Amino acid sequence: MSLMPVDEARARLLDSARPLGRVARLPLAEARGGWLAEPVAARVTVPPHDNSAVDGIAVRHVDLGDGSVTLPVTLRVPAGDPPGELAPGGAARIFTGAPVPAGADTVLMQEDCEFGEGTVTPPPAARAQPGQNIRPAGQDAREGDTVLVAGTRVSARVIGLAASVGASELAVRRPRVVVLSSGDELLPAGAPPAPGKIYNSNGPLMESLLADSGFPDVTALWLPDDRGRTREALDQLLADPPDLVMASGGVSVGEEDHLRAVLEERGDLDFWRLAIKPGKPFTFGRLGDAGVPFFGLPGNPSAVLVCYLMLVLPYLRRCLGAGPVLPAPYRLPADFAVKPGPRQEYLRVRRVARDGGAVLEKHPNQSSGMLSSAVWADGLAVAPVGHGQAAGEPLDYYSFADLLA
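Under the working numbering, the letters of the sequence shown match residues 87 to 491, in that order.
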């Protein structure tokens, strides 16, 4: 059976994406990190009036003259005050953000002027341009303009822009996600070590990846290696169906992989063998009458990380109307050689400065069971199927920061 290329798997997932999650209207601060469900239109013009970009004086350019002139300061305009009107032949003392008085068409920086008792000597006209240091009304937005589109990730910058145009709350999508961890060998964090047991790392990893991606509404469930109890837990889950279910491991063909059998009873699943490394076994389908999307990821933690970033997260972004679903990669030289292989490999690397540029360094151990290498790394380098190259040649590189932005 041939392996499915990563790009084909991603395309299939994106084609199946549908709007996901309820819409919640949240105060600005509570919306941070989420995804806009609706566009945001400006309730006001920003700035609402021509305003000064500096502390200085506002004048009529024609009053500057060809040589040195001294003008009376006839007006003072702090930020927040009405602008008033500047009479011909006068100057207005003005401050950053203050509205430009009617009649004035130029603002000069205070350090370029000489101030006297009630007077100012500005530079000559040749050293100033009409419109200088004036921020025009509507420079950032006009009332009614769409300033943010649906599918935008709500960052601090987005909140600042929304606040500036008069928004007090944002409509964000809040998908409910259930994360499944299965296996009698798993111990929860804080439990004492025991023979034959391992700590559950994939569950917390998936929860945190989802939270970092803007999906904080996550419920984590542990399932034992018992078909009856697994069936009961899944039926309870589907009685109040979440928006998405994600599991790691437990969906292979082993005698103790009861989760796979119960999932097949309760849904329509497609088991894929992907040309991806780390990772290869991958499951996608829908569960129950509600058709809840289900992702079954490989059991090794680095495979969980890679499959989430390259396949699950692009699907979630498409469901929320975001674009692009993947950031554009950087193209950087690698300081290591790459051997051709049958799977597209995602190497844990970090970008380092060297010889006046940036190069990619590879962690010496690329085992899919290791997470310490992912902590050491700051991103993933991509070696395509059948790709071999010598050290010094470039590879596509995705930073973790960009992937999760």
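We put the CB at the ideal spot given by N, CA and C, even for glycine. Keep in mind that this is a model prediction, so the values were computed, not measured.
From the options, residue whose alpha carbon lies closest to that of residue i
i: residue 462; options: 144, 233, 185 and 486; result: 486
i: residue 257; options: 311, 238 and 246; result: 238
i: residue 180; options: 373, 206, 437 and 142; result: 142
i: residue 161; options: 267, 272 and 185; result: 185
i: residue 128; options: 473, 227 and 363; result: 227
i: residue 95; options: 215, 266, 370 and 417; result: 370
i: residue 297; options: 98, 99 and 490; result: 490
i: residue 124; options: 311, 164, 153 and 233; result: 233
i: residue 113; options: 190, 245, 229 and 165; result: 245
i: residue 135; options: 225, 402, 378 and 321; result: 225
i: residue 118; options: 216, 164, 399 and 242; result: 242
i: residue 420; options: 205, 92 and 476; result: 476
i: residue 348; options: 218, 366, 380 and 145; result: 380
Cβ-based burial, residue i [other Cβ within 10 Å; buried from 16]
i: residue 201; result: exposed
i: residue 305; result: exposed
i: residue 353; result: buried
i: residue 148; result: exposed
i: residue 270; result: exposed
i: residue 259; result: buried
i: residue 220; result: buried
i: residue 101; result: exposed
i: residue 111; result: exposed
i: residue 300; result: buried
i: residue 346; result: buried
i: residue 362; result: buried
Distance between residue j and residue i (C-alpha atoms, nearest Å)
i: residue 122; j: residue 106; result: 12 Å
i: residue 327; j: residue 376; result: 7 Å
i: residue 492; j: residue 240; result: Here the chain covers residues 87 to 491 and nothing more, so residue 492 does not appear.
i: residue 287; j: residue 387; result: 7 Å
i: residue 368; j: residue 303; result: 24 Å
i: residue 188; j: residue 295; result: 54 Å
i: residue 223; j: residue 103; result: 41 Å
i: residue 247; j: residue 90; result: 43 Å
i: residue 198; j: residue 213; result: 10 Å
i: residue 443; j: residue 358; result: 40 Å
i: residue 425; j: residue 464; result: 22 Å
i: residue 488; j: residue 255; result: 26 Å
i: residue 484; j: residue 458; result: 18 Å
i: residue 109; j: residue 415; result: 31 Å
i: residue 423; j: residue 98; result: 32 Å
i: residue 325; j: residue 356; result: 23 Å
i: residue 430; j: residue 448; result: 16 Å
i: residue 412; j: residue 196; result: 47 Å
i: residue 382; j: residue 332; result: 6 Å
i: residue 203; j: residue 168; result: 24 Å
i: residue 351; j: residue 410; result: 35 Å
i: residue 445; j: residue 390; result: 26 Å
i: residue 479; j: residue 428; result: 20 Å
i: residue 374; j: residue 360; result: 25 Å
i: residue 64; j: residue 322; result: With the chain covering only 87 through 491, there is no way to say anything about residue 64.
i: residue 154; j: residue 210; result: 6 Å
Whole-Å CB distance - residue i paired with residue j, under 8 Å assumed
i: residue 194; j: residue 208; result: 5 Å
i: residue 313; j: residue 344; result: 4 Å
i: residue 183; j: residue 137; result: 5 Å
i: residue 292; j: residue 334; result: 6 Å
i: residue 263; j: residue 329; result: 7 Å
i: residue 468; j: residue 482; result: 4 Å
Bridge partner(s) assigned by DSSP for residue i
i: residue 255; result: 113
i: residue 334; result: 267 and 383
i: residue 378; result: 373
i: residue 462; result: None; residue 462 has no bridge partner.
i: residue 195; result: 142
Min CB distance residue i to chain D below 8 Å
i: residue 264; result: Among the chains of the structure shown, chain D does not appear; only one protein chain is present.
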